[in-house]
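Under numbering that gives the first Met the number 0, the first residue of the sequence shown is numbered 0, with each subsequent residue one higher. Every residue, glycine too, gets a C-beta built ideally from N, C-alpha and C.
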Amino acid sequence: MTLRAQYLLSDFVRSTLISSPKFSIIYTKIALSEETVYDVLCCADLYLLPGLKRHCANYIGKHLNTANVVQVTRTAKLFSLPRLEDQCAEFIANNIEKILEQEDFAELVKQDAAEVKGRQETDTIDIIDNIRFHLTFSIQTYGEMEEANEKLRLIDDLLEELELEG
Numbered sequence: 000m001t002l003r004a005q006y007l008l009s010d011f012v013r014s015t016l017i018s019s020p021k022f023s024i025i026y027t028k029i030a031l032s033e034e035t036v037y038d039v040l041c042c043a044d045l046y047l048l049p050g051l052k053r054h055c056a057n058y059i060g061k062h063l064n065t066a067n068v069v070q071v072t073r074t075a076k077l078f079s080l081p082r083l084e085d086q087c088a089e090f091i092a093n094n095i096e097k098i099l100e101q102e103d104f105a106e107l108v109k110q111d112a113a114e115v116k117g118r119q120e121t122d123t124i125d126i127i128d129n130i131r132f133h134l135t136f137s138i139q140t141y142g143e144m145e146e147a148n149e150k151l152r153l154i155d156d157l158l159e160e161l162e163l164e165g
């Protein structure tokens, strides 16, 4: 992001930005980077700029990897970015073996489970439901079904280890 873009985002007041119809064109030209995208996302959230938030989310979604996907999932929840959250769940489903090895993923599952007030045995855990959906969504062959079942067993083992029902 250029110095000018930083100035625009940090020094304009919300009413100025909203009153400018051309601003929606300007922010799509902001050069995002891995170093600046989260700062821009914070500004977009602060100034209630949903288009800029989506622009940031699209950029973040294109740079998912096994090292950042859990933190990106937390960020997507924090900033109410359901499409990015779904991308993260799909990425986790596709890389479940590597992700299950990470302690922060287990923490994410615990946090998700704790968000349900008065949690009952029948309550579900959002992140687990989304991952299960992506694991089973496009099954077309018996081999794919066997592979999905093995990954689902891995998730069930994690939940058992965490003493959660999901």
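Beta carbon of residue i, beta carbon of residue j: below 8 Å?
i	j	result
Thr-65	Leu-107	no
Asp-111	Val-69	no
Leu-153	Ile-95	yes
Ala-105	Leu-161	yes
Phe-78	Asp-44	yes
Leu-134	Ala-113	no
Leu-163	Ile-124	yes
Three-state secondary structure (DSSP) at residue i?
i	result
Gln-110	helix
Asn-64	coil
Val-71	helix
Leu-151	helix
Thr-123	coil
Ile-138	coil
By alpha-carbon positions, which one of the options ends up nearest to residue i?
i	options	result
Leu-208	Cys-41, Leu-99, Ala-30	This structure cannot settle anything about residue 208, because the visible part of the chain is limited to 0 through 165.
Leu-83	Thr-135, Asn-129, Gln-139, Ser-137	Asn-129
His-62	Ala-43, Tyr-37, Leu-163	Tyr-37
Leu-80	Lys-97, Asn-57, Asn-93, Asn-67	Asn-57
Glu-33	Asp-44, Tyr-46, Leu-48, Cys-55	Cys-55
Phe-132	Gln-101, Lys-97, Val-115, Asn-93	Asn-93
Gln-101	Ser-137, Asn-67, Lys-76	Asn-67
Only counting the same chain, and skipping five residues up and downstream in sequence, which positions put a Cβ closer than 6 Å to that of residue i?
i	result
Ser-23	Low confidence applies here, because Ser-23 scores a pLDDT of 48, under 50, leaving its location unreliable; read the following figure in that light. Gly-50.
In chain order, what residues of the same chain lie with their CB nearer than 7 Å to the CB of residue i, ignoring the 5 residues before and after it?
i	result
Gly-60	Leu-83, Gln-86
Lys-109	Leu-161
With respect to the alpha helix (DSSP H) encompassing residue i, which residues constitute its N-terminal and C-terminal limits?
i	result
Asn-94	Looking at the DSSP string, Asn-94 is not in any alpha helix (DSSP H), and its letter there is neither H nor E.
Val-36	36 to 45
Give me, in chain order, the residues of the same chain whose beta-carbon lies closer than 8 Å to that of residue i; leave out the 5 immediate sequence neighbours on both sides.
i	result
Lys-76	Glu-84
Met-144	Ile-138
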